[in-house]
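S.K.:
Residue numbers (this note's numbering): -15 to 926.
1) Output the boundary residues of the beta strand (DSSP E) element that contains residue 863.
2) Who pairs with residue 238 in a beta bridge, going by DSSP?
3) Just how far apart, CA to CA, sit residue 104 and residue 727?
4) According to DSSP, simplified to helix, strand and coil, what is residue 340?
5) Taking DSSP as the reference, what is the three-state secondary structure of residue -2?
6) Looking at C-alpha atoms only, which residue of 714, 244, 368 and 257 is the closest neighbour of residue 309?
7) Quick one: residues in its chain with C-beta nearer than 7 angstroms to the C-beta of residue 88, no 5 flanking neighbours on either side, listed in chain order?
8) Residues bridged to residue 873 by DSSP?
9) Look at residue 458 and residue 483 and say whether their C-beta atoms are less than 9 angstroms apart.
10) Below 8 angstroms on the Cβ atoms is my guess for residue 48 versus residue 853; work out the distance and round it to an integer in Å.
11) Determine the direct distance from the alpha carbon of residue 519 to that of residue 379, and round the result to whole angstroms.
12) So who's on the other strand from residue 114, going by DSSP bridges?
13) Report buried or exposed for residue 481, applying the criterion of at least 16 other Cβ atoms within 10 angstroms of its Cβ.
14) Return the CA-CA distance between residue 839 and residue 857, expressed in angstroms with no decimal places.
15) Would you kindly report the start and end of the unbroken beta strand (DSSP E) that includes residue 55?
16) Determine whether the beta carbon atoms of residue 280 and residue 218 lie at a separation below 9 angstroms.
17) Alpha carbon to alpha carbon, how far is residue 193 from residue 282?
18) Quick one: is residue 86 buried, meaning 16 or more other Cβ sit within 10 Å of its Cβ, or exposed?
19) What alpha helix (DSSP H) runs, 4 residues minimum, are completely inside the segment 395 to 472?
20) Give me whichever residues DSSP pairs with residue 169 in a beta bridge.
21) Measure the C-alpha to C-alpha separation of residue -12 and residue 28 and round it to an integer number of angstroms.
22) Quick check: the Cα distance between residue 941 and residue 200, rounded to an integer number of angstroms?
23) So if DSSP puts residue 46 in a beta bridge, which residue, or which two residues, is it bridged to?
24) Cβ atoms of residue 886 and residue 810: under 9 angstroms apart, would you say?
25) Could you give the residue range of the alpha helix (DSSP H) that holds residue 185?
26) In whole angstroms, give me the CA-to-CA distance for residue 471 and residue 32.
27) Are the Cβ atoms of residue 239 and residue 325 separated by less than 9 angstroms?
28) Do residue 611 and residue 555 have their beta-carbon atoms positioned less than 9 angstroms apart in this structure?
29) Take the Cβ of residue 423 as the centre, count every other Cβ of all protein chains shown within 10 Å, and call the residue buried at 16 or more, exposed below.
30) So the alpha helix (DSSP H) residue 590 belongs to, where does it begin and stop?
31) Would you mind sorting residue 55 into buried or exposed? The rule is 16 or more other CB atoms within 10 Å of its CB.
32) For residue 559 versus residue 721, is the C-beta distance shorter than 9 angstroms?
33) Check this for me: beta carbons of residue 517 and residue 447, under 9 angstroms apart or not?
34) What's the C-alpha gap between residue 908 and residue 896?
35) One question on the structure: do residue 330 and residue 225 come within less than 9 angstroms of each other, judged by their Cβ atoms?
36) How is residue 828 classed by DSSP in three states: helix, strand or coil?
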């Protein structure tokens, strides 16, 4: 069973890659590929069902970053099994529904990719057995939901709704991370089993209130609880399949899932009881009341979702065993009837062209089958008997009248539950009456009719579930409910009955009052006011935008004050901050360094030092002569490389030398775009200030370097030397550190390097020269240097491969080899021009960067298949004919990725510097400059 959970988690991501790999396939093909993920996942979940129903917890545990307590721990208990079934089951129905909902203009492949990414993130979250791992998938749900909500990016409301959802849930995610870290500090572990077993320890800690409020902030923002509920109605700008999936069974349920998951650890205190139940009750009433006055079908369903999420939160806040059972039960019930209602609303929008109930009405005559399905689901939402919503609503009433706390609290909870029942019937009645009954429809641009057959199938299946659970709960939902609730409550699992009829009792009376009161409220409001004329105001949206504008204004002021385009000012701030941060520990705890007696420097060392100092001082003297200054700076770099050689550091020397060569070309290319005249001279006081800052920073770096070089030999360096060959199978300690001991750091660095190259590409690919920078006449031809550059390339390629292959045991490696390969191509770019070089070689540097990152990731992740951490090295001795024994370390795969990223990134940046094109405007090409119209940045005409 162990490999089943990783496969279950990987399926959505693999199918998302498959859909993306065939962008020109038909929409049906894309839908089938997307459907394979939930269908295959349901097969795996079905295979694991007997073990889960038997009370077992299926696990997969792979060490990842044990130093920080992060393991790749997947855990399938009853609660995770129930949520996995919801994510996959409703996900499969949404895939089918979207096939017929999306128009021909919508990019179905992109939609399914986003949907599967979200599905995988949700599965990862519910399966996580480690809180840090759960946080990773939690944030993935925020990002992927942002993409889904903003899928129709051409619409302003979609962009606004996506941004609002990301800001609110992302901010809650940061708070949740703080709470998780506090829980880890209290318990001493992030393992979920350890955390769930440490409830008393957590509640007894002085950090418990802080951890609780931070965790609840993440839960409340995700599940749209007051006062963060306002983002959910604005997310209705998403396509209806997104709303049916995210806002019924998945994203908004992530918060209540975490509330249920951490219930054994956090519940059991008065603070938890009053906070969670109070916020739940407020959300329950606010959402239900606002739903009555909505005109948009999806807007009404959004506010009803807020209300039902408040109901679930209230039940978990009450914290009695039966309240927990009721909360889990309503999670299931709400997912089924709300998904079907969202899909029905989408069908109505698809066939009528509107979701505005003021234009609808009388659809039962034009769309009888869809109307029947939507009416049944609405009745389930209202809690009418013989439908699933009735059962969990009765449980709510029963728990409300027996709630703990003071008598006032019990009365408040009971009144809130009764009012919610009244409001729920009222908004359900408005959904039904204004859409399917009465006069209408009005002002439509088409004649409504039933949708395609297969578009109704998901709604039909969900409505059947609502009816089946409502009529025979013990035969349908009882095993699922028991398994999920037992995984939360454990030995505290109560005895309960899922019978439809419990006799005449107070909960039944409250249900009857709710139905009668809801009908009276709806028709009473219709008589008292014109519901269709009500104007809905969103205070939360206004507050959100006001705060966003204030933050943006503050950021703009800070940016204008710090990063105002002056490179000198930004460098000054950077150096000053570095000085302050570096000096702070020594100021707080004054201590003199324990330096050993200096060793005598040989004559060669003095010579290198004097040449380096001479180049540095000369650069200050001739800085106005840019070419000469660049050459002198290169001389400083060359002396640094020779110093590394002198100190027996060949890897560093090679790297420094190659970086200097590439940097020299970069600076020469960049000089082409500098103004012809230097800026005005700085005042004398600024020169003295800069000199003082330079002396302080340089002295500090020199002291740090001297301290590092005079450390005793029994430090980390000695340990790394001793472990390099036996553990990483390499004799070159520098390369072993890069690709093994600190391989994760290297992966992050090459990722940043690749991103930087792509940013340079994005900034420069549309940049145009100002007319005064265009040199007249054709390019100068240099045949002899061009021939030499071409001859150099195969030789340099050979040297590059040689340095790469020997890098694990001798000076070299992927970084050095990538730069070696870049140098001859850069020379050809400079001599022959971009068009000539790329017509012969045809390198795609962007794909090179992506391929390198993918190879590095896959090679690093391969070790996890063998139960060892990311980037753990393996070793293999191959015997090849005529060659003999060839030792191979698995780190070579990671080094290939480094090689490709370094080469592709360096070439992309430098080639873009050399391909900035003349202005495309005719006036600029003629050299006619109008300073009032020409862009100061690009030379383009306004």
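Note that beta-carbon positions come from the ideal geometry of N, C-alpha and C, so glycine has one too.
M.R.: Let me lay it out:
1) 859 to 864
2) Bridge partners of residue 238: none, in fact.
3) 26 angstroms
4) strand
5) helix
6) 244
7) none
8) 859
9) yes
10) 6 angstroms
11) 35 angstroms
12) 175
13) exposed
14) 15 angstroms
15) 54 to 60
16) no
17) 37 angstroms
18) buried
19) 437 to 455 and 457 to 460
20) Note: residue 169 sits in no beta bridge, so no partner.
21) 7 angstroms
22) Examination of residue 941 is not possible in this model, given that the chain is present from -15 through 926 alone.
23) 56
24) no
25) 183 to 188
26) 15 angstroms
27) no
28) no
29) exposed
30) 587 to 605
31) buried
32) no
33) no
34) With a pLDDT of 38 at residue 908, under the threshold of 50, the modelled position of that residue is not reliable, and no figure is offered here.
35) yes
36) coil
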